[in-house]
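If you're matching positions, the sequence shown starts at -18 in the working numbering and goes up one per residue.
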Amino acid sequence: MVIFQKHISNQPVTNDSIGIITRHNWSLFTLLASSSYSKRRRNVPLHLGRRITTTTTTTTLMEVEVGFNKRRAEGRDNDDASKKNLHLKVRKLNPINTISYVQILGTGMDTQDTSPSVLLFFDRQRFIFNAGEGLQRFCTEHKIKLSKIDHIFLSRVCSETAGGLPGLLLTLAGIGDEGMSVNVWGPSDLKYLVDAMRSFIPSAAMVHTKSFGPNFRTDESSVLLSQSKLLDPIVLIDDEVVKISAIILQPNCFESKLPMPSNSPAHERIDHSPETLDSPNGRRQPAAKPADMSVVYICELPEIMGKFDPEKAKALGLKPGPKYRELQLGNSVKSDHQNIMVHPSDVMDPSLPGPIVLLVDCPTESHLETLLSVQSLTSYCGQLGNLPDAGKSVTCVIHLSPASVVSCSNYQKWMKKFGSAQHIMAGHAKKNVEIPILKASAKHATRLNYLCPQFFPAPGFSSLQNHSLASSEGSFSEFSEVISAENLLKFTLRPYSHLGLDRSCIPSTVVSSEVIDGLLSEIPEIVEAAQHVNQLWQQSRQRKEDLVPVSDYKMMIEEPCLYADGVPACLENIRRDDLEIVLLGTGSSQPSKYRNVSSIYINLFSKGGLLLDCGEGTLGQLKRRYGVSGADDAVRALQCIWISHIHADHHTGLARILALRRNLLKGVPHEPLLVVGPRQLKRYLDAYQRLEDLNMLFLDCKHTAAASLDAFEDLNNNNNDKDAVSPILKKFKGVIHEAGLKSLISFPVIHCPQAFGVVLQAEERSNSVGKVIPGWKVVYSGDTRPCPELVEASQGATVLIHEATFEETMVDEAIAKNHSTTNEAIEMGDSANAYRIILTHFSQRYPKIPVFDESHMHKTCVAFDMMSINIADLPILPKVLPYLKLLFRNEMIVNESDDVADAVAPAS
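Shown next as structure tokens:
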């Protein structure tokens, strides 16, 4: 029995901001309702007490004094805070821009999980097109200041193009005292997107949306619009710096019934779209949704005025002075010495047309049919010398369309209309797969792989060879001005003398051999350390061989035998294809250079897999670990996704995973994917599904608590399944059984309202002689303060994965934010008699390795992104930690939020 006991403080009880957990009742909700609190001195941190073994038979007593932020746990921590009025940046424009360019921000180019972003840069204005997952992490790495972004344009409103938007908005909202925001533009009504984010973004005021194009309605009185009406350019921005217009592409299969135009009164709008509609051929088609529309953006810079000729001005009787300036600004003036008006054309060289950039997102061949019919682009296609009435000439076309579309002959024929324009193919070109977008993280992973390849396998792309990667340029041999996009590739628009491609910012390829050479030079002892790590596995194999006869050697390879004493019985004869724990994201709050936000992949091999939390960029991390096709296989085989709580760093990658699974299984019989999470998550998913179908089934975490599951069993035994949840619980039971699990049980923890941890218990199995071997038990804490529910749930766990956001000296911060320190996490595992403890969810102040007390780490290891722990290797896990510490011996504690702050620093 474990007891959480109240500590009597000499300090008076003055407020309810800090709670003390006391073991009067095991219910967490009772604890949260308790009115017994203690205010403590800041320099006297609360800590977990040591275990005391009593003289009673099997009872263990542990006095624990644990503080927590009650207001935060109940969701009242912002009640007294003044509402932020997030302001949009207002800048003084510079009509005579000295520098302007478009640049490929290659998010997703190495993993093909999201659409690349494009930056349109001016001296005092920045525009970004598309904000897929990983944008914030990418900008942090490459020192791109997000606070200088004024507008974000979405070429489609879906997870592929907008997955990074929630995290970006949350980060901007935290800048300074008031916070900052941006304008977000997109086709159709962005209210769907805002509704989806409202469940976890504190204030909708931070989302300044500007919608254009059709609106979606369900009533039969909807006006049937012709497609041609939608194909007229919609002017979004028109100032002295740039004119940005949009042309909407609707899939051709939906042409027969289109939504209402977005200029209809807001009160007339209906926030629901039909699930199917009748197509002209009589077949049922999926109804149009906002995600079905894509956009062609047209960016037009003003013409470049010709050079002023002072000699001509003098000849026309003008004196040097203000009139020269007026003429350069395009105004006519009267001559000082002659009775004539002098016009700008009299003293200026001919103007040069301003550069024009097209960004084309044509996601399917159905959209291509619409694109080919766009007559309004005709005026941008012709070029008849320098005649003033020759029309407009496109300078650069950036293609966001996928290879399956751009390879079509009709698409290439359309491209030829733009004459000598530079075409940049920014769709998913395979040539970019081997070039990591997050260079610092890739270097970090290479060093870890050198030291311990068993826990840090080579990235999934390492097996690919250049000659096996088909370049998208191959099908454009007849085009002289077509190139594949590369990360940070620029096309200069101003100054005119530099018009054209600029490759100077393209990062060099990460060469593993160079990284290793640098490591050996920096830490020569690492060679011997890597040998020692390898010997740990050799010694482990030797011990197994000593336990079986030589004649059974082949069987031993298939079914490893018993380990040394002290190893849990569940590891007897454990197979390597039984369980692998892959830490995809081990950071907290927001993505950073070396750590992505929370996600754990439970690889059950032939039985599929589960995701525990799914922060932004989870899909990209899966693809870095397993490669593009390997990650696709993992997503196809997912049995369940479990989400601990509603904070954005734990679930904003969910929509992207679900959307990819939907696409991968299109046309294949399959069941919707089960998503288990707090009830607020359902509101997010329901709202998001109005954008695009996610093909999932939701189950509230509270229904997977032990008491709820027991109650369901009683109902099931009585053949009473009238409850609406019962069919979903039956599906849940079937999924868990198919995954080889005996149970998946959620339990409440102390962090925020509706925060949970989870227990995965494997089924029992039998060895070759019929002996019953218990199944392994994996527990994940989610985000939490130490609490009795977690200790109880973790009793005898094979692995406890516990958050350790702060080091031990920062217990005050841990209490304020309802997180745990490293020592608290370890002692929770010790008190529950967990076999192995994995620490994760580290603050950004620990960019590479957290601070910990090595004397308490005999059964513990710290997690790193991409760390892959096979269950058969658990006995070795803590022994690797000293060598990991050697690898980072020269690293100082650097608050990586400084990097993030720099990336979002307010514009000067």
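Virtual Cβ for every residue (Gly too), placed ideally from N, Cα, C. Nothing here was measured: the structure is a model prediction, and the numbers come from that model.
| Check | Outcome |
| --- | --- |
| Does the separation of the CB atoms of F739 and W623 fall below 9 Å? | Note that residue 739 is Val in the sequence shown here, rather than Phe. Contact flag set, yes. |
| Roughly how many angstroms lie between the CA atoms of Q302 and V314, to the nearest whole one? | In the sequence on display, residue 302 carries Gly and not Gln. Their backbone Cα atoms lie some 12 Å apart in a straight line. |
| Bridge partners of F102, per DSSP? | Y82 and R107 |
| Can you check DSSP and say which residues form a bridge with E890? | The requested residue 890 does not occur in the structure, where the chain is confined to residues -18 to 889. |
| Report yes if the CB atom of A154 is closer than 9 Å to the CB atom of G194, and no otherwise. | no |
| Relative to the C-alpha of S580, which residue among F845, I507 and S801 is closest? | F845 |
| What are the partner residues of G738, as DSSP defines its beta bridges? | F728 |
| Determine contact between the stretch 419 to 427 and the stretch 485 to 501, defined as no fewer than three beta-carbon pairs at a distance below 8 Å. | yes |
| Would you decide whether A407 is buried or exposed? Buried here means 16 or more other CB atoms lie within 10 Å of its CB. | buried |
| Helix, strand or coil for W623? Go by DSSP, reduced to three states. | strand |
| Looking at the unbroken alpha helix (DSSP H) that takes in L603, where does it start and where does it end? | T599 to R617 |
| Just mark Q516 as buried or exposed, buried being the case when its beta carbon has 16 or more other beta carbons within 10 Å. | exposed |
| Taking L480 as the reference, give the member of L282, V99, L741 and V163 with the closest Cα. | L282 |
| Does the contact criterion of 3 or more C-beta pairs under 8 Å hold for the stretch 170 to 180 versus the stretch 662 to 679? | yes |
| Looking at C-beta atoms only, is the number of pairs between the stretch 332 to 351 and the stretch 219 to 233 that lie closer than 8 Å three or more? | yes |
| Tell me which same chain residues have a C-beta within less than 8 Å of the C-beta of M329, skipping the five on either side of it? | M286, G287, K288, F289, D290, L308 and Q309 |
| Entirely within the stretch 325 to 381 and at least 4 residues each: give me those alpha helix (DSSP H) ranges in chain order. | 325 to 328 and 346 to 353 |
| Considering only their Cβ atoms, is the gap separating E788 from T765 smaller than 9 Å? | no |
| On the three-state DSSP scale, how would you describe A154? | helix |
| For P650, count neighbouring Cβ atoms within 10 angstroms of its own Cβ and tell me buried if that reaches 16, exposed if not. | exposed |
| Give the C-beta separation of G148 and T633 to the nearest angstrom, bearing in mind that I take them to be a contact with Cβ-Cβ under 8 Å. | 6 Å |
| To the nearest angstrom, how far is it from the Cα of I638 to the Cα of P325? | 58 Å |
| By how many angstroms is the C-alpha of A686 removed from the C-alpha of G598? | 29 Å |
| Restricting to Cα atoms, I'd like to know which of H800, A705, P653 and I279 is closest to D219. | I279 |
| So, is A14 buried or exposed, given that buried needs 16 or more other C-beta atoms within 10 angstroms? | Because A14 sits at a pLDDT of 34, beneath the cut-off of 50, its placement in the model cannot be relied upon, and the point is left open. |
| Could you check where the beta strand (DSSP E) with Q403 kicks off and where it finishes? | Q403 to M406 |
| So for D811, helix, strand or coil by DSSP? | helix |
| So, for V138: in the same chain, excluding its five sequence neighbours on each side, which residues have a beta-carbon less than 8 Å away from its beta-carbon? | G167, P168, S169, L171, Y173, L174, P271, A272, M274 and L672 |
| Would the beta-carbon of A736 fall within 9 Å of that of G715? | no |
| Measure the C-alpha to C-alpha separation of Q620 and F713 and round it to an integer number of angstroms. | 10 Å |
| Taking a contact to mean a Cβ-Cβ separation below 9 Å, would you say T92 touches L600 in this structure? | yes |
| Would you mind sorting M322 into buried or exposed? The rule is 16 or more other CB atoms within 10 Å of its CB. | exposed |
| Could you check whether V375 and C343 sit closer than 9 Å to each other, using their CB atoms as the reference points? | no |
| Since H915 sits in a beta bridge, which residues does DSSP pair it with? | With the chain running from -18 to 889 in the structure shown, residue 915 is simply not present. |
| Using 8 Å as the cut-off, can you tell me whether the stretch 822 to 834 makes contact with the stretch 849 to 856, which would need three or more C-beta pairs spanning the two stretches below that distance? | no |
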